[in-house]
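Just below is one structure, and these are the notes that go with it.
Protein chains: 2
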Amino acid sequence: MKSKIILALLATAIAGSALAQVKPEDAIKFRQSGYAFMSWNMGKLKAMLVDNPASYNKEQAIAAANLIAATANSGMGALYVPGSDKGKGWKETRVKPELFTDRDAVGKVAMAFNKEANELAKVAATGDAAALKVQFGKVGEACKGCHDKFRKDE
Amino acid sequence: MKSKIILALLATAIAGSALAQVKPEDAIKFRQSGYAFMSWNMGKLKAMLVDNPASYNKEQAIAAANLIAATANSGMGALYVPGSDKGKGWKETRVKPELFTDRDAVGKVAMAFNKEANELAKVAATGDAAALKVQFGKVGEACKGCHDKFRKDE
């Protein structure tokens, strides 16, 4: 019940703002951009935590983690506007139709990602590379959780 | 002299990390993504600060400002890899050749943008919409400062 109220409030907030006016093709382009730019930052973390730990750099890790958290916090849900279930942004969207219908499952993967991404920024700030590697893995799992459910294979 | 030493250190840091391995077409794609996703967030701020002040929402303003600051802090300079002066990411790059040669001018616009973007996040956190509108204008000017100098017209 509570989550339904939150969803209703959220829908109102989005509909009441200028966000609702983003065209489907722009919305697809913006979300593809957000995910692509995050993937660059995930790649930087992977390089310094997994592939080549000698290249670990605390400031760069913080910068990458903050970008990932800020993206998670940016309200990308608003970019899944009606009509953006198909179509081309930078390229054809790979979103599955279920993302627009299965709100409970969407809420679950979105909240999981949000939680792990914000934790990533917190752990990065401590400078503990080993802990960051563990948390990086959790973020990767959260990404995958959504991809498996809501993204078509290429 | 000092700035030359910093540049040299920076170049070494980049060359020594996995970042140097980003292919030109991927580098162009990542930077286009970063700018496009920032522009979505600038658009959200414009909507609530300029176009429709009644829609101002502190939490959404903070989220947008944090994304812009995190992008500014993410070290996008590393995406201007050799060979990425021409070519296609999501689309043909609009970068001017001067960006790869005029290091002093690049440093100036990059530092100006970084300063204003981080200030944006600080001002957003205060919840002062009028002050945020002023700072939003300064970020826009900093964006334009780089576009005018280093981006070709479409």
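Chains as they are written, first to last, in our numbering: chain C, 13 to 166; chain R, 13 to 166.
C-beta atoms are modelled at their ideal positions from N, C-alpha and C, and glycine is treated no differently.
Asked, Found
"Neighbourhood of Arg106 (chain C) by C-beta, 6 Å cutoff - its chain only, sequence neighbours within 5 removed", "Arg163, Lys164"
"Sufficient close CB pairs (3 or more, under 8 Å) joining the segment 82-93 of chain C to the segment 74-84 of chain R", "yes"
"Where Val93 (chain R) sits in the DSSP three-state scheme", "coil"
"CB of Ser45 (chain C) within 8 Å of CB of Ala48 (chain R), strictly", "yes"
"Rounded C-alpha distance that separates Tyr68 (chain C) from Val151 (chain C)", "18 Å"
"DSSP three-state assignment for Val34 (chain C), whether helix, strand or coil", "coil"
"Bridge partner(s) assigned by DSSP for Glu166 (chain C)", "Looking at the DSSP assignment, Glu166 (chain C) forms no beta bridge with any residue, so it has no partner."
"CB contact flag (Ile101 (chain R), Lys56 (chain R), <8 Å)", "A small correction: the amino acid at residue 101 (chain R) is Gly; Ile does not occupy that position in the sequence shown. Cβ atoms of Gly101 (chain R) and Lys56 (chain R): not closer than 8 Å."
"Counterpart residues of Lys100 (chain C) in DSSP-defined beta bridges", "C:Glu104"
"First and last residue of the uninterrupted alpha helix (DSSP H) at Phe125 (chain R)", "115-138"
"Residue from C:Lys108, C:Ala136, C:Leu111, C:Gly157 with nearest C-alpha to Met60 (chain C)", "C:Ala136"
"Per-residue contacts from Lys41 (chain R) into chain C (C-beta, under 7 Å)", "Ala48"
"Classification of Gln147 (chain C) by the beta-carbon crowding that lies within 10 angstroms, buried from 16 upward", "buried"
"Any C-beta of chain R under 8 Å from that of Ser86 (chain C)", "yes"
"Three-state secondary structure assigned by DSSP to Gly46 (chain R)", "helix"
"From R:Ala81, R:Lys70, R:Lys98, residue whose alpha carbon lies closest to that of Ala154 (chain R)", "R:Ala81"
"Helix, strand or coil at Leu19 (chain C) [DSSP, three-state]", "Because Leu19 (chain C) carries a pLDDT of 49, less than 50, the predicted location of this residue cannot be relied on, and the following value inherits that uncertainty. Note: Leu19 (chain C) maps to helix in three-state DSSP."
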